[in-house]
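Q: I'd like to ask some things about the structure below.
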Amino acid sequence: MLILGCGNRQRGDDAAGILAAERLRALGLAAEVCVGEAAELMEAWSGVDDVIVIDAVVTGAPTGTVQVWDGQRPPVFATSAGSTHGLGVAQAIELARALDRLPARLRVYGIEGKNFEIGSAVSPEVERAVEDAVNGIVAEVKAGP
Amino acid sequence: MNGSRTIKVDTLARVEGEGALYIKMAGERVADVKLRIYEPPRLFEAFLRGRHFSEAPDITARICGICPIAYQMSAIHAIERALGIKIAPEVRLLRRLFYCGEWIESHALHVYMLHAPDFLGYQDVIELARDHRPVVEKALRLKKIGNRIVQVMGGREIHPISAAVGGFHKAPAKSQLRELVSELEWALETSLEAVKWTSTLEFPDFEQDYEFVALRHPEEYPFNEGRLVSNRGLDIDAAEYEDRFAEFHVKHSNALHSVVRGRGSYLVGPLARFNLNFDKLPEVAQKAALQVGLKPPVKNLFRSIVVRAVELVFACAEALRIIGQYEPPAAPRVAAPNRRGVGKAITEAPRGILYHRYAVDENGLIVTAKIVPPTSQNQKRIEDDLREYASHLAAWPLDEATWKCEQAVRCYDPCISCATHFLKVVIERE
């Protein structure tokens, strides 16, 4: 299994995925950190059957909401607004689908952010949501596939 | 067509990051063009103050996930000038190889995945992948070889850690670089195909009288060194940059606009480099360009996709040349003792010249830092282009005109994540 936390530490709530990955590591789970760029993600999960991606998202839900999507289903979230690049996590999944490069199992933990300004702090709601996402992932890993 | 309209692109897709573009039309006349971008480097300038100079390469690498090496290189060269350090020739070559990796990654991404969909009539690379899978597969493989160079040189792919003031923390073994050769040979062939393929695309008839600005080196196509020159007689050392270029605030953008003092907007990036340094391209790249009828001066920005493909050829050929003659340096790094000084440097990021200036004190702490990224330098030029281009689109349906304006902006491959935050385009017609 591969766990990938995406984001940019310098951009407020966009750090959510990275913070979650670091927390998971502290709990003894192997989790990787990445920017969240499409080619990078596809490369990272190539040859892996079971993948969890954690990223900050903007869906209109209250800040700090944690949503979990099944990457095998058709597009469920339009953008990962915190991503600093033209091709982010959502595009990576759709591109991978078009190229038959999707892992057999892929879950996306989206943490709703509100503040993506450079140099700003992570919102308290997002800090709490990181804990919720981490707890969810730990439970999922313990339960097994 | 009578009346006014506004072209808005609310989310300009396929640029690195996001920003906003607003165009107001009054009949056929363009009443107003505003490109609105935020500018993280300004904040990074503040982060850098009080930090030791040795931290600058790693801190500035975080400004951009796509061109971290450009930031490292400009930072390192500027600080080395402040400290009066001279590096070994082998280290200089390794830095060129490092830059080749970044150019391959960045240009492969833009040519195939961000820019090609515009010419082939697709909304994005996902639609493109459904119909032209081999094209996207090639892009990913090319990008990967760029990544591998960066990984070998940098220690890790994103935000490399190995480059340092004075050289590299460690130099790669000969065998590590040799392993890259077969993939690079494939990349060179693929880049040559890309030149042919991109040259068959249809380009709008839109030429402008640009002032092209790029580095120029006596022997090589520019990466890290050279004088700053233009097609209008500019020929200066990086140290004179701020004397000849001015930055000013505009109300509608967080980013500063740059102009050549006494003249106005200018263009940096692939077109400028190609037009000013065609004679320094390796023969294989020159031939590839000439075969498809591409020769300087190229004044149509839409053809930048072909020029980027030519620069891919260059970067692959240059990487192979460097690896072929590589001998590990006796010492990967020279000492960089603390010393008070000011240093300024310019290197060629994939998108154009990147200027850094640092003042350091006797303890090696940064007193002031200044960073002028390529996209800010092109910002005024983008507005000038749009003012002209949008007037040709007055009779077009609003959605098509908006789409065309987005495409014009994408020709610049604006790295909005270093120069800006959200990019949204709006065309308003009254």
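Protein chains in written order, with my numbering: chain D, 0 to 144; chain V, 821 to 1250. Every residue, glycine too, gets a C-beta built ideally from N, C-alpha and C.
#1: Just how far apart, CA to CA, sit Glu1005 (chain V) and Val931 (chain V)?
#2: Can you look up His872 (chain V) in the DSSP assignment and give me helix, strand or coil?
#3: Just to confirm, is the Cβ distance from Ala37 (chain D) to Leu94 (chain D) under 8 Å?
#4: Under the rule that 16 or more other beta-carbon atoms within 10 Å means buried, what is Asn1183 (chain V), buried or exposed?
#5: Would a check of beta-carbon distances place Ala20 (chain D) closer than 8 Å to chain V?
#6: Lys1016 (chain V) CB to nearest chain D CB: under 8 Å?
#7: Closer than 9 Å between beta carbons: that is the criterion. Which residues of the region 933–957 of chain V meet it against chain D?
#8: What three-state label does DSSP hand His1072 (chain V) in the structure shown?
#9: Is it the case that the Cβ atoms of Ile1186 (chain V) and Gly870 (chain V) are separated by a distance below 8 Å?
#10: Measuring alpha carbon to alpha carbon, tell me which of V:Ala846, V:Ser982, V:Asp1204 ends up nearest Phe1026 (chain V).
#11: Taking the alpha helix (DSSP H) that His1212 (chain V) falls in, what are its first and last residues?
#12: In chain D, which residues lie less than 8 Å from Lys964 (chain V) when you measure between Cβ atoms?
#13: Taking C-alpha atoms, which residue in V:Ala1151, V:Lys1016, V:Val1127, V:Glu1060 lies nearest to Lys906 (chain V)?
#14: What first and last residue would you give for the beta strand (DSSP E) that runs through Ala1176 (chain V)?
#15: Have a look at Ala60 (chain D) and Gly4 (chain D) and give me their C-alpha separation to the nearest angstrom.
#16: Going by DSSP, which residues form a beta bridge with Thr1167 (chain V)?
#17: With a threshold of 16 other CB atoms inside 10 Å of the CB of Leu1012 (chain V), please say whether the residue is buried or exposed.
#18: How many angstroms separate the CA atom of Leu1213 (chain V) from the CA atom of Ser1085 (chain V)?
#19: Can you give, in chain order, each stretch of the beta strand (DSSP E) that sits fully within the region 1035–1074 of chain V and has at least 3 residues?
#20: Report the option in V:Ala840, V:Ala1189, V:Asp1063 whose CA atom is closest to the CA atom of Tyr891 (chain V).
#21: At a CB distance below 9 Å, what residues from the region 864–888 of chain V approach chain D? Give them in sequence order.
#22: Given that Gln9 (chain D) touches chain V, what residues does it touch there, using C-beta distances under 7 Å?
#23: Would you mind working out which of D:Leu40, D:Gly27, D:Tyr108, D:Ser122 sits nearest Ile92 (chain D), comparing C-alpha positions?
#24: Is the distance from the Cβ of Val1127 (chain V) to the Cβ of Val1133 (chain V) below 8 Å?
#25: Counting only beta-carbon atoms, is Leu960 (chain V) nearer than 8 Å to chain D?
#26: Let me confirm a value: Gly35 (chain D) is counted as buried when at least 16 other C-beta atoms fall within 10 Å, else exposed. Which label applies?
#27: Counting along the chain, where does the beta strand (DSSP E) carrying Gln1145 (chain V) start and finish?
#28: Can Val50 (chain D) and Arg104 (chain D) be called in contact, C-beta distance under 8 Å?
#29: Quick check on this structure: which residue in V:Pro1024, V:Phe988, V:Glu1040 has the alpha carbon closest to the alpha carbon of Asp878 (chain V)?
#30: Within 10 angstroms of its Cβ, does Glu13 (chain D) collect 16 or more other Cβ (buried), or is it exposed?
#31: How long is the line joining the alpha carbons of Asn1044 (chain V) and Glu1220 (chain V), rounded to whole angstroms?
#32: Between the Cα of Gln1199 (chain V) and the Cα atoms of V:Ala908, V:Glu922, V:Val1070, V:Asp951, which residue gives the shortest distance?
#33: Inspect the beta-carbon positions of Phe944 (chain V) and Arg1230 (chain V) and report whether they are closer than 8 Å.
A: Inspection of the coordinates gives the following:
#1: 19 Å
#2: strand
#3: yes
#4: exposed
#5: no
#6: no
#7: Met933, Leu934, Asp944, Val945, Ile946, Glu947, Leu948, Ala949, Arg950, Arg953, Val956, Glu957
#8: coil
#9: yes
#10: V:Asp1204
#11: 1194–1212
#12: Ala38, Glu42
#13: V:Ala1151
#14: Looking at the sequence shown, residue 1176 (chain V) is not Ala but His. Run containing His1176 (chain V): 1172–1180, per the beta strand (DSSP E) assignment.
#15: 20 Å
#16: V:Leu1174
#17: buried
#18: 23 Å
#19: 1047–1050, 1065–1069
#20: V:Ala1189
#21: Phe864, Ala866, Phe867, Arg882, Ile883, Cys884, Gly885, Ile886
#22: Arg882
#23: D:Leu40
#24: no
#25: yes
#26: buried
#27: It is not in any beta strand (DSSP E) - Gln1145 (chain V) carries neither H nor E in the DSSP assignment.
#28: yes
#29: V:Phe988
#30: This sequence places Asp at residue 13 (chain D); Glu is not what is there. With 16 or more other Cβ atoms within 10 Å, it is buried.
#31: 40 Å
#32: V:Val1070
#33: Sequence inspection shows Asp at residue 944 (chain V); the Phe mentioned does not correspond to that position. The answer is no: Cβ separation not under 8 Å.
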